[in-house]
Amino acid sequence: MSASDAAGTSPGAGARAPRRDPSCLFCRIVAGELSSTKVAEDDLAIAIRDIAPRAPTHILVLPRDHVPSAADLTDADAPLVGRLFALAAEIARSEGIADGGYRIVTNVGTWGGQTVDHLHFHLMGGRAFDWPPG
Ligand code: AMP
Ligand code: ZN
Numbered sequence: 045m046s047a048s049d050a051a052g053t054s055p056g057a058g059a060r061a062p063r064r065d066p067s068c069l070f071c072r073i074v075a076g077e078l079s080s081t082k083v084a085e086d087d088l089a090i091a092i093r094d095i096a097p098r099a100p101t102h103i104l105v106l107p108r109d110h111v112p113s114a115a116d117l118t119d120a121d122a123p124l125v126g127r128l129f130a131l132a133a134e135i136a137r138s139e140g141i142a143d144g145g146y147r148i149v150t151n152v153g154t155w156g157g158q159t160v161d162h163l164h165f166h167l168m169g170g171r172a173f174d175w176p177p178g
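Take 45 as the starting number for the sequence shown in my numbering and just add one per residue.
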């Protein structure tokens with residue numbers, strides 16, 4: 045196995061190359077080019093602490109692959125979306141916010157408040173949240 049295979053940057057038999065946008069902030073975090081505080085990771089997803097937390101616990105759960113937003117998901121992404129939510133729930137338990145309840149949200153586009161065009165779910169907890177959000 046080559047070094048690039050080990051790093052997951054080279055597709056093996058039956059695998060495909062990871063989707064990556066070299067100008068994307070979160071793709072660069074996934075690649076380790078920018079630092080982050082990683083909370084969890086697996087083969088499909090990583091979770092990092094938000095750099096500007098808006099709640100006592102504020103974690104971003106994102107796919108390793110570059111998917112611009114929830115608007116770009118298709119039926120083929122069902123396993124990925126399941127994994128992202130399962131990972132968020134697992135982190136909520138390990139962060140101690142599961143019992144009190146928490147919020148998982150993803151912003152889409154300008155009016156949705158999206159500022160980083162790489163799909164991510166905000167996992168927020170540790171306080172009560174208003175509804176509807178502002
Ligand atoms: P959104 O505005 O929904 O696209 O969410 C983007 C989130 O990424 C915001 O909550 C930012 O605070 C957060 N963010 C931006 N840059 C970084 C970074 N380098 N590391 C961690 N979180 C970041
Ligand atoms: Zn990206």
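Positions of the beta carbon are idealized from the N, C-alpha and C atoms, including for glycine.
State the beta-bridge partners of residue i as determined by DSSP.
{"i": "Thr81", "result": "None; Thr81 has no bridge partner."}
{"i": "Pro107", "result": "Ala89"}
{"i": "Ile148", "result": "Leu167"}
{"i": "His102", "result": "Met168"}
Consider the C-beta atom of residue i and the heavy atoms of ligand 2; say whether any pair is separated by less than 7 Å.
{"i": "His164", "result": "no"}
{"i": "Asp65", "result": "yes"}
{"i": "His110", "result": "yes"}
{"i": "Phe173", "result": "no"}
{"i": "Phe129", "result": "no"}
Is residue i near ligand 1, in the sense that its beta carbon is under 7 Å from a heavy atom of that ligand?
{"i": "Asp94", "result": "yes"}
{"i": "Gly170", "result": "no"}
{"i": "Ser80", "result": "yes"}
Would you kindly report the start and end of the unbroken alpha helix (DSSP H) that includes residue i?
{"i": "Arg64", "result": "Unbroken run through Arg64: none, as it is neither H nor E."}
{"i": "Arg98", "result": "Looking at the DSSP string, Arg98 is not in any alpha helix (DSSP H), and its letter there is neither H nor E."}
{"i": "Gly156", "result": "153-156"}
{"i": "Val125", "result": "122-139"}
Which whole-angstrom value is the C-beta distance of residue i and residue j, which I expect to be below 8 Å?
{"i": "Ala200", "j": "Leu131", "result": "Here the chain covers residues 45 to 178 and nothing more, so residue 200 does not appear."}
{"i": "Asp109", "j": "Arg63", "result": "4 Å"}
{"i": "Ala114", "j": "Thr150", "result": "5 Å"}
{"i": "Val83", "j": "Ile103", "result": "6 Å"}
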